[in-house]
Amino acid sequence: MEIFPAIDLYGGKAVRLYKGDYEKMTVYSDDPVGVAKAFEAAGAKFIHMVDLAGARDGGTPNFDTVAAVARETSLKVEIGGGVRDEDVVRRYLDAGVERVILGTAAITDGAFFRAMAEKYPGRIAAGVDVRDGFIAIKGWTETSAVTAADFCEGLADIGVRTVICTDISRDGAMGGTNRELYKRLTGRFPAIDFIASGGVSSLADIAALRDMGLSGAIVGKAYYVGAIDLAEAIKEGA
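Residue numbering for the sequence shown is -12 to 225, as defined by the numbering used here.
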């Protein structure tokens, strides 16, 4: 299982939200590229990045920071937030990003999502952000009428391989990850590689996710507050 240390971007800074609330934002660094280099030094091969302003409002206000991480480190970058059209997808891929995550667009424009998944095989992932069983969109500020299970069923039908699944109620709360959610999803959709996000707070969480067959786990706040040593987490996931 791969470990994805995370950088959430807002105003060019590395921040974290509490349960997706933009009013409860903590700034951890004014130098996201420096944070990414620290991830690399700890042995990380991947990095998960989210443009929070883009996720909420559309657009790519933190594009230059993402491109700098791709350019100045060897990390394989996956990025989500504000990706609403092919021009943005292409710009990120051309900048060296490994994988682009579609969240809101995957729900609101299924034809676009399918087209991107077919045109850029292996380079498009779906962001499945779950609140009370339903998919949240627009930076988690709205909840759709689509259930996580129904959405994943549709993804499997069009051959999407990678899903980043976040339990919003756990995100940034340091209360442990939702193991039952991931157990249900991996059991029902064995053809999808699930990456767990939200509440990964300990090596025990990582071991549990690894043992149930998750493809990856995203480590965010637990790294920033010192609850998880990244090098140890990478070893635990292997």
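A virtual CB, placed ideally from N, CA and C, is assigned to each residue, including glycine.
Treat the numbers as computed from the prediction; the structure is a model and nothing was measured.
Confirm, please, whether the CB-CB distance from residue j to residue i is below 8 Å.
i	j	result
ILE145	ALA93	no
PHE50	VAL206	no
VAL64	VAL76	no
MET36	GLY203	no
LEU89	ILE111	yes
ALA25	ILE(-6)	no
ARG148	ILE182	no
LEU217	TYR211	no
GLY174	ARG157	no
ALA40	SER16	no
LEU190	CYS139	no
GLY83	ALA57	yes
Buried or exposed: which applies to residue i, given that a residue is buried once 16 or more other Cβ atoms fall within 10 Å of its Cβ?
i	result
GLU223	buried
THR302	Nothing can be reported for residue 302: it is not among the residues displayed for the chain, which extend from -12 to 225.
ASP38	buried
ALA28	exposed
LYS32	exposed
LYS3	Before going on, a small fix: residue 3 reads as Arg here, not Lys. Buried, by the Cβ-count rule.
LYS208	buried
SER61	exposed
PRO108	exposed
ASP192	buried
Just tell me which of the options has its CA closest to the CA of residue i.
i	options	result
ILE221	TYR(-3), ILE34 and SER16	ILE34
GLY46	SER131, VAL14 and ASP74	ASP74
THR95	ASP81, ASP72, LYS208 and ALA57	ASP72
ALA143	GLY163, TRP127, PHE100 and THR164	PHE100
SER188	GLU129, ALA28, ASN165 and VAL56	ASN165
ARG43	ARG78, MET161, THR91 and VAL56	THR91
GLY67	LEU80, LEU172 and VAL20	LEU80
THR128	GLY7, ARG175, LEU(-4) and GLY(-1)	GLY7
PRO177	ALA195, ALA55 and VAL150	VAL150
ASP119	GLU85, ILE155 and LYS106	ILE155
Q) Can you give, in chain order, each stretch of the beta strand (DSSP E) that sits fully within the region 157 to 192 and has at least 3 residues? A) 180 to 184
Q.
Could you check whether the region 129 to 143 touches the region 103 to 121, counting it as contact only if at least three pairs of C-beta atoms, one from each stretch, sit closer than 8 Å?
A. yes
**Q.** Complete runs of the alpha helix (DSSP H) confined to the region 41 to 68 [at least 4 residues]
**A.** 50 to 59
Q. Given 8 Å as the limit, is there contact between the region 190 to 200 and the region 3 to 13, that is, 3 or more CB pairs closer than that?
A. no
Q | Contained beta strand (DSSP E) runs [length at least 3] in the region 73 to 117, N- to C-terminal order | A | Within the region 73 to 117, the complete beta strand (DSSP E) segments of 3 residues or longer fall at 86 to 89, listed in chain order.
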